[in-house]
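*Asks:*
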Amino acid sequence: MRLRHVILVTTALAGLAGSAHAQTQVDPPASTQDEGAPSRDNDIVVRGIRKSLQDAIETKREANSIVDVISAEDVGKLADNNVAESLSRLPGVTVDHQFGEGEQLSIAGVEPALNRLTIDGHSVASADWGGNPSDRSSRTFNYSLLSPAIISQAIVYKTPEARLQEGAIGASVDIVTRRPLDLKPNTLSLTVGGEYNDRAKRGSFRGNALYSWHNDDDTFGILGAINYDKEQLSRAGTAVYWYRTGAALLESYPKDANGNIVYNGPNGTVASGATINGSLPNKATIDAFSQARYASFLAHEFFKQERQRIGGSLAIQAKPTDNLTITGTALIIRGNYDNLSNSEYTYGYEGSRMTAATYIPASGASPGIVNSATFSGIPAGQTGATGQLDTLFRRTRIKNDTVSMLIDWRPRGWEITGNVGATRASGGKNPEYLLDFRTQQGFTAGANGRNTYVNWTSPASDATKWLSNYSALGGENVKDSGQNFFARQIGGIPLQVGFTVDKETFGEVNFKHDVDLGPLKTILFGARYADHANSNTESSNAIYTNQNFTLANLPFVVRADDLYDGLSTGGNGTPYATLDKDGIISTLQKYGNFNVDRGFSPSSYWLVKERIAAGYVQANFESGKFRGNIGGRYVHTQDVSNFFTQSNNLFAPTRVSTDDNRFLPAANLIFQAGDSVVIRGSAAKVIARPRYSDLAGSLSLDDTTRSGSGGNPNLKPYAATNFGLSTEWYFAPASYISGEIFYRDISNYIGNQTIDGVTITNTVTGRTLTYSISRPVNGGKATVTGFSLTGNANLLWGFGIQANYTFTDADTGLPTGLPYLSRNVVTIVPYYEKGPFQARLSYNRRSKYFYRFGRQQSQDYTDAYRQLDASISYAITDNVQLSAAAQNLLDETYYQYSSTPDAPTSVYKNGRVFSLMATARF
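Those letters in the sequence shown? Residues 60 to 981, by my numbering.
(1) Considering only heavy atoms of the ligand GDP, does any lie closer than 7 Å to the CB of K968?
(2) Let me know the secondary structure DSSP gives D961 once reduced to three states.
(3) Relative to the C-alpha of V694, which residue among S785, K289, D719, T704 is closest?
(4) Using C-beta distances below 6 Å, list every residue in its chain close to Q367, excluding the 5 sequence neighbours before and after it, in chain order.
(5) Would you call the segment 236 to 247 and the segment 313 to 327 in contact, with 3 or more CB pairs under 8 Å?
(6) First and last residue of the alpha helix (DSSP H) that includes N528?
(7) Between which residues of its own chain and V836 is the CB-CB distance below 8 Å, once the five residues before and five after are set aside?
(8) Is the segment 165 to 176 touching the segment 220 to 232, taking contact as three or more C-beta pairs under 8 Å?
(9) With 16 other CB atoms within 10 Å as the buried threshold, where does P340 fall?
(10) Here's a check: name, in chain order, each residue in its chain whose Cβ is nearer than 8 Å to the Cβ of S768, leaving out the five neighbours to either side.
(11) Given a cut-off of 8 Å on the beta-carbon distance, is the pair G625 and D257 in contact?
(12) Counting pairs of Cβ atoms below 8 Å between the segment 569 to 582 and the segment 515 to 525, do you hit three or more?
(13) Check whether the segment 287 to 304 touches the segment 964 to 974, counting contact only when three or more Cβ pairs, one atom from each stretch, lie closer than 8 Å.
(14) From the DSSP output, read off the bridge partner residues of N807.
(15) When we look at the beta-carbon of S130 and count the other beta-carbons within 10 Å, is it buried (16 or more) or exposed?
(16) Is K744 helix, strand or coil by DSSP?
(17) Just to confirm the assignment, what range does the alpha helix (DSSP H) spanning A347 have?
(18) Under the rule that 16 or more other beta-carbon atoms within 10 Å means buried, what is D561, buried or exposed?
(19) Pick from A601, Y830, E144, K649: whose alpha carbon is nearest that of D761?
(20) Alpha carbon to alpha carbon, how far is W301 from I125? Give it in angstroms, no decimals.
(21) As an exercise, report each continuous beta strand (DSSP E) stretch of at least 3 residues that is fully enclosed by the segment 817 to 877, in chain order.
(22) If F858 and Y891 are in contact, beta carbons under 8 Å, what's the gap, nearest whole angstrom?
(23) Relative to the C-alpha of A934, which residue among S263, Q897, S248 is closest?
(24) What does DSSP give as the partner residue(s) for W515 in the beta ladder?
(25) What are the residues that DSSP puts in a beta bridge with F730?
(26) Look up I552 in the DSSP assignment and say whether it is helix, strand or coil.
(27) My understanding is that G903 touches S147, with C-beta atoms under 8 Å, so please give their C-beta distance in whole angstroms.
(28) Does DSSP put V972 in a helix, a strand or coil?
(29) Start and end of the beta strand (DSSP E) containing D928?
(30) Would you kindly work out how many angstroms separate the C-alpha atoms of N489 and T388, rounded to a whole number?
(31) State the DSSP-derived secondary structure class of G252, mapped to helix, strand or coil.
(32) Are the beta-carbon atoms belonging to R971 and L948 less than 8 Å from one another?
(33) With a threshold of 16 other CB atoms inside 10 Å of the CB of A316, please say whether the residue is buried or exposed.
(34) Quick check: A484 and N459, are their CB atoms within less than 8 Å of each other?
(35) Taking only three categories from DSSP, how would you classify F981?
(36) I'd like to check one pair, N863 with Y795: are the Cβ atoms closer than 8 Å?
Here you go:
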């Protein structure tokens, strides 16, 4: 981490307490009533930024474990239009900005798949649009789907209590929604406005409305909310799909009978072949060049998406008696995530066509990088290709429906709560239109860090150079799905690609009883049952042609050259000719002579049926300055994994049932060290269940070689022992400083390995044999250690500041660490609020993080990323407010690389987003 970031946040934290004490007048603590409730005549009502901070701090201070909290500023007003962005300002919480807005959370150095989201304490189903295709089967949730209008608070439980649902190693996030009996009758909030993306050069409308009513007796109420959100995204960038070493590009050099390069030229060089760094190379040069990496498939990408989200929520509350409240809720979300993508890329892998290259020798951890290589084109009249243009349109829909009923009954000395409901989500591509072209041009291309270069013989905007696959590669005899013909595949229209259905029915009952047994004050016990199912289906389709055509025969477009401004890419590879949605569909219809529908794809299918039964006992205690809780949760999980086994091109359905039983103790101890100082300690055992595709991925077996690959239905949950320690100093109203230390000792970590001697019954052949299997397995171990420093203070003259710094380190036995773990994260949020005006800046920086193993087991990283956002608002009247916001003001580049920073895999810009909103509240 750069030194100035450490100094910046340290200075901000150090100045919080002194600045707050220097105030001549401080605002009083927030009223305990909801902001919509009537206040007493003598109350000073605090609203806006300070109101939200006071509510969040009060919840944190009174919590029985280590938590962090965000609170809405008012009815229908969260600090951001995206819940994940607001949560990312909390210590230890980070988001990934691959597609601009935050969608999933990493917490305490733990990847999104190992954290958990609940809404009002109950589960919510999860399905995504396909933006994270490598992890669509995990148990994460896309936070961008939630409307801020219905949110009262979001609580991040960094340490568990026995009463809380299991399923998270990093943290659990509970979204607390609004209730009609908590608001004054006829509460109305209406927000309308729009936003503009400067890279998409398009604007869109967004808005939400909330209405809440209850009768005069406070015994019946109804709250309804609706939101509509449209967002424009145009992401342009460069990408590398495959790295080869220079050793794979030596075919142009003369060789002896044994295949060794012959150095019989002047001064020990080769006599002919490609030049390296301007001259024919000698052995030392070729040896060094052979180690260097080359971006063989170097691409210019374009991704365009118009995201539309419509959501509705309903809450009905009835209070038939003073001690009984029944709440029914419904949440409906519909998302349209249709997207278009184009990719123009080189084929830099045929060494026989390479005529010249330059490279930078090995240095440090880098084996060297080939920053330029020139390849000749395909001679006229011959078949072949030197590059490709992919055009894709995906129709993508997301549905999420949740209904629940909560019962809160408080007979004398008891508190009995119940929760029953169902949740269902679906998402995926249906259909996906795929169409690609080839080119036969020569080119020069290379990459070195964030600098890339592609230069074709003719500009990429020349549509005549992009040929149909039949024109470039010729035809072939095809036998597919009962059809026989002579043609070449140009694409396909598969249905339900990565189509996921996730659903659960759940029920829970909790008992709480006050006792007077010395330090023991409260006994809690309860049980929960959930019946869950997650499935994935895909279909396969191929479209062939026997016609010659080029992109110039079609309604092509040329992508604007300024899309790639600021991305350090040179040459005539941009702008390039391509197709939009209508062109892709019409071309497949016009030139697709043969449509082969292969139907259901058994290799992509899974269905996991999961039943969870859990029970817990917890005791809350208090003695003098000490309080806390201790308890345990017993969890039974039954998984029935359904998938297909493939062998000799045949498939057979396979079902495997497993059971897992766990006892998860948890303890939290809190010491009130003074009127304003709280010290907390926590220890607990936790679990996170495996990804569904890891449990039920299709199994491929070869009885001849005794080898195979696939999922592993016998996986156990991730398991960890978590420890936490925090100290909090609440030195002034709405102000505090805290320090937290956390430790995660993770066992049963799941990773892919090849295991010998695995006994499996091949359901295709009926034989039980031992195989060498490549599959996900338990057994990995990891520890996560970190600390965070957090502060918030009201300063002088309406100014205030929030700041935090988190350091996290992981020991996995591998140099990569854990996925999505940034060692250093800094957040600084200065704000101003006085009278009708408020303004806020938010700066966040996270250091690089490992995110996956790429081709040939390369270690792929996302580089450090900064985000600067700003917002201002002005209250025209007590009921009407105008606000403006800007996101990603730095127009940050999203940079990913393979193993070393000089080998890029993705270089993107998502653009700045500006919004203007008007809000009325009554």
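C-beta: ideal position from N, C-alpha, C; glycine also.
*Replies:* Looking at the coordinates:
(1) The ligand GDP is not part of this structure, which contains no ligands at all.
(2) coil
(3) The candidate whose alpha carbon is nearest that of V694 is D719.
(4) K289, N395
(5) no
(6) First-last of the alpha helix (DSSP H) with N528: 528 to 532.
(7) N771, L774, I809, G810, N811, Q812, I814
(8) yes
(9) Buried, because 16 or more other Cβ atoms sit within 10 Å of the Cβ of P340.
(10) L758, S759, I832, S833, R834
(11) Judged by their CB atoms, G625 and D257 are not nearer to each other than the 8 Å cut-off.
(12) no
(13) yes
(14) N807 pairs with nothing; no bridge assigned.
(15) buried
(16) The answer is strand: DSSP assigns K744 an E or B state.
(17) 342 to 350
(18) buried
(19) Cα-wise, what sits closest to D761 is Y830.
(20) 44 Å
(21) 827 to 853, 858 to 870
(22) Contact flag correct, Cβ pair sits at about 5 Å.
(23) Q897
(24) F502
(25) F685, I738
(26) DSSP places I552 in coil when its eight states are reduced to three.
(27) It should be noted that the sequence gives Asn, not Gly, for residue 903. That pair is a contact at about 6 Å.
(28) strand
(29) 924 to 934
(30) 30 Å
(31) strand
(32) Here R971 is near L948, since their CB atoms are less than 8 Å apart.
(33) The residue in question, A316, is exposed, as its Cβ has fewer than 16 Cβ neighbours within 10 Å.
(34) yes
(35) coil
(36) no
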